[in-house]
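**Student:** The following block contains the structure, expressed as structure tokens.
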Amino acid sequence: MMDWTDRHCRMFHRQFTQSALLYTEMITSAALVRGSAAYLLEYSEAEHPIALQLGGSDHAELGEAVRIANDFGYDEINLNVGCPSDRVQSGCFGAVLMERPELVAECVSAMIAASGSARITVKCRIGVDEQEPRETLPVFLAAVQNAGVNHVAIHARKAWLQGLSPKENRDVPPLDYPLVRDMKVAFPTMEIALNGGVNSLDEVEAHLASGLDGVMVGRAAYHHPSDLLGAADSRIFGSGPIVSAEDAVIAMLPYIEAELGDGTRLNQITRHMLGAFSGRPGARQWRRTLSEGAHKPGAGPELVLEGLKAVMAQAA
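Per the numbering used here, residue 19 is the first one in the sequence shown, and the count goes up by one each step.
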């Protein structure tokens with residue numbers, strides 16, 4: 019989720035769940051190897067377990083990106099073969115690589131060879147454009163499995179690279195959950211997680227009960243973190259408290275104080291907290307307080323507390 023799941027977003031989500039695996043934004047291998055973007059790899063130790071998501075199609079460059087990332091201690095490094103954005107297509111990586119499973123296999127093989135302790139995984143679509151997913155997806159999965167990958171997260175929609183925008187690609191192509199379940203049957207030794215269209219923990223539990231090994235949730239968790247993440251530890255992982263939005267916001271205050279001291283602006287953090295009370299009385303006032311005040315010079319934790327008081331007043 020480019021431009022969304024930065025370190026401030028992840029830190030907020032970590033207040034809700036200690037067990038869910040958090041993913042970085044997709045970072046291109048070129049940015050790490052040929053650019054000066056290593057600062058994007060920085061994160062708080064509190065964010066573990068955490069996965070770095072890379073984009074690229076040059077096996078040597080991806081291997082070098084993994085070697086650079088090794089020093090940062092990620093739990094997982096994921097190759098994105100699912101993003102349909104224009105930037106990704108022009109760079110010959112992301113979902114367009116679904117058409118080149120042999121190249122993806124070469125890339126992940128180089129990543130595995132370069133990796134330290136982090137496992138190498140893949141995120142993909144069921145297919146692109148005119149591909150017939152029931153024919154091409156098994157070929158793709160076999161290629162990456164033979165290269166040494168044992169965990170794949172499958173977005174259960176085809177990506178239409180011609181004719182649909184990245185936003186439309188998140189909603190328009192129909193979901194095919196049965197196909198993803200069939201891939202688990204066809205590849206029983208591979209860990210297969212499902213992605214796409216999951217909006218509740220009830221749905222997560224149903225997908226896991228169907229035999230899948232994991233469920234990846236993106237925008238629903240971002241916009242409704244309390245609903246998707248607050249009870250994840252107790253319901254999905256079997257232990258841990260149910261964390262309320264109030265608890266998560268209060269837990270963020272020391273982090274906010276420390277970040278402001280390092281020069282971070284309040285709105286860089288709170289833009290990821292706007293959905294904390296989604297669907298509850300006071301949510302609109304919470305969003306308004308943060309949206310109107312967090313960008314102002316000198317804004318600090320007291321603004322967050324002001325918004326929180328408005329929510330609690332509505333609850334009372």
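Cβ coordinates follow ideal geometry from the N, Cα and C atoms, glycine included.
Between the region 137-148 and the region 84-100, are three or more C-beta pairs nearer than 8 Å?
**Tutor:** Because the criterion of three Cβ pairs below 8 Å is met, the region 137-148 and the region 84-100 touch.
**Student:** Taking 8 Å as the threshold, find out whether the region 236-251 comes into contact with the region 282-302 through three or more Cβ pairs.
**Tutor:** yes
**Student:** Buried or exposed: F34, going by 16 or more other Cβ atoms within 10 Å of its Cβ?
**Tutor:** buried
**Student:** For T307, report the span of its beta strand (DSSP E) as first-last.
**Tutor:** Not the beta strand (DSSP E): T307 falls in the alpha helix (DSSP H), residues A301 to G311.
**Student:** Tell me which same chain residues have a C-beta within less than 8 Å of the C-beta of M270, skipping the five on either side of it?
**Tutor:** If the five residues before and after M270 are omitted, its C-beta is found closer than 8 Å to the C-beta atoms of M29, F30, Q33, I287, M291 and V322, all from its own chain and listed in chain order.
**Student:** Excluding five sequence neighbours on each side, which residues of the same chain lie with their C-beta closer than 7 Å to the C-beta of A38?
**Tutor:** L247 and A250, listed in sequence order.
**Student:** Quickly, what does DSSP pair E209 with across the bridge? List them, please.
**Tutor:** H169
**Student:** Please say whether E117 and V162 have beta carbons closer to each other than 8 Å?
**Tutor:** Not a contact, by the Cβ cut-off of 8 Å.
**Student:** For S47, which residues in the same chain have their Cβ closer than 6 Å to its Cβ, ignoring the five residues on either side in sequence?
**Tutor:** L72, G74, E79, L80 and A83
**Student:** G229 and R199 - do their beta-carbons sit closer together than 8 Å?
**Tutor:** In this structure, G229 lies closer than 8 Å to R199 by Cβ.
**Student:** Check N88 in the structure and name its three-state DSSP category.
**Tutor:** helix
**Student:** Between which residues of its own chain and G166 is the CB-CB distance below 8 Å, once the five residues before and five after are set aside?
**Tutor:** Hits under 8 Å: V126, S127, I130 and I138.
**Student:** Give the single residue among E324, G316, G318 and P315 whose Cα lies nearest to the Cα of R306.
**Tutor:** E324
**Student:** Alpha carbon to alpha carbon, how far is P319 from G300?
**Tutor:** 18 Å
**Student:** Where does D194 land, buried or exposed, given buried means 16+ other C-beta within 10 angstroms?
**Tutor:** buried
**Student:** Kindly list the residues whose CB is nearer than 6 Å to the CB of R85, restricted to its own chain and excluding five residues on each side of it in sequence; keep chain order.
**Tutor:** A132
**Student:** Suppose contacts are defined by Cβ-Cβ distances below 8 Å. Is N213 in contact with A177 by that definition?
**Tutor:** No, the Cβ-Cβ distance between N213 and A177 is not below 8 Å.
**Student:** Name the DSSP beta bridge partners of V233, please?
**Tutor:** L212
**Student:** In whole angstroms, what is the alpha-carbon distance linking H169 and T207?
**Tutor:** The alpha-carbon atoms of H169 and T207 are separated by roughly 9 Å.
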